[in-house]
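>
This is the structure in structure tokens:
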């Protein structure tokens, strides 16, 4: 089972981490996130038995993160390096708990598109439009695993026209992407009026 790397880059956001780590287990009773605590990752260690990553926090348990005050780019660069090294880390997607998360309990979910995008009928150009680039989606933390599943495990012809072709339309004035509406549009439950 692969998990999404979760970075906490703001000290004040640390109290949200237990909520995010326990938000949703999958059908195998596995949490979707690994909390990244250190930059020093050893290949020979089992991540569940070390201080490298945590997938849950016990009540009252604290943690330290070497990514406090790190930039998005720093998290992205580090994540890409680890994605090449470990098979238990979800490829192409990370989540960042940042300063903004403190005020609205959102996560910045970053999706990395390797290689060129795809052509779709009725859409000019490729989706996503650029290759080897990170794409950002700010979502309520409760919706992050749904966004992850749609981008990683649903056929691109179902999700890409909505998630990339209509991203601006589905992002509100506060910069939050509407995952629920994207799902409804992708599967045809909501009339397409765009």
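Numbering (this note's numbering), first residue to last: 11 to 204. All C-beta atoms in this analysis are idealised placements derived from N, C-alpha and C, irrespective of residue type, glycine included.
Taking all protein chains shown into account, decide if residue 172 is buried (16 or more other Cβ within 10 angstroms of its Cβ) or exposed.
So residue 172 ends up on the buried side.
> Can you name, in chain order, every residue of its own chain whose Cβ lies under 6 Å from the Cβ of residue 122, other than the five neighbours on each side?
Closer than 6 Å at the Cβ level, and outside the excluded window around residue 122, lie 102, 144.
> Between residue 67 and residue 23, what straight-line distance do the alpha-carbon atoms span, to the nearest angstrom?
Looking at the two C-alpha atoms, the distance is approximately 15 Å.
> Around the C-beta of residue 174, are 16 or more other C-beta atoms found within 10 angstroms, so that it is buried, or is it exposed?
Residue 174 should be labelled buried.
> I'd like the list of long-range same chain contacts for residue 124, defined as Cβ closer than 8 Å, with 5 residues on each side in sequence excluded.
Closer than 8 Å at Cβ, skipping near neighbours: 102, 141, 142.
> Starting from the C-beta of residue 196, find all residues in its chain whose C-beta is less than 6 Å away, skip the five residues before and the five after it, and write them out in chain order.
The answer, listed in chain order, is 168, 169, 172.
> Tell me, which residues are paired with residue 116 by DSSP?
The partner list for residue 116 (beta bridge, DSSP) reads 150.
> Determine the burial state of residue 98: buried for a count of at least 16 other Cβ atoms within 10 Å of its Cβ, exposed for fewer.
That one is exposed.
> Between the alpha carbons of residue 199 and residue 74, how many angstroms are there, rounded?
Taking the straight line joining both Cα atoms gives about 43 Å.
> Excluding the 5 residues flanking residue 166 on each side, which residues of the same chain have their C-beta closer than 7 Å to its C-beta?
Answer for residue 166: 128, listed in chain order.
> May I ask you to report which of helix, strand or coil DSSP gives residue 72?
Of the three classes helix, strand and coil, the one that applies to residue 72 here is coil, per DSSP.
> Give me the Cβ distance between residue 111 and residue 20, rounded to the nearest whole Å; I'm assuming they're in contact under 8 Å.
Correct: roughly 7 Å between the Cβ atoms.
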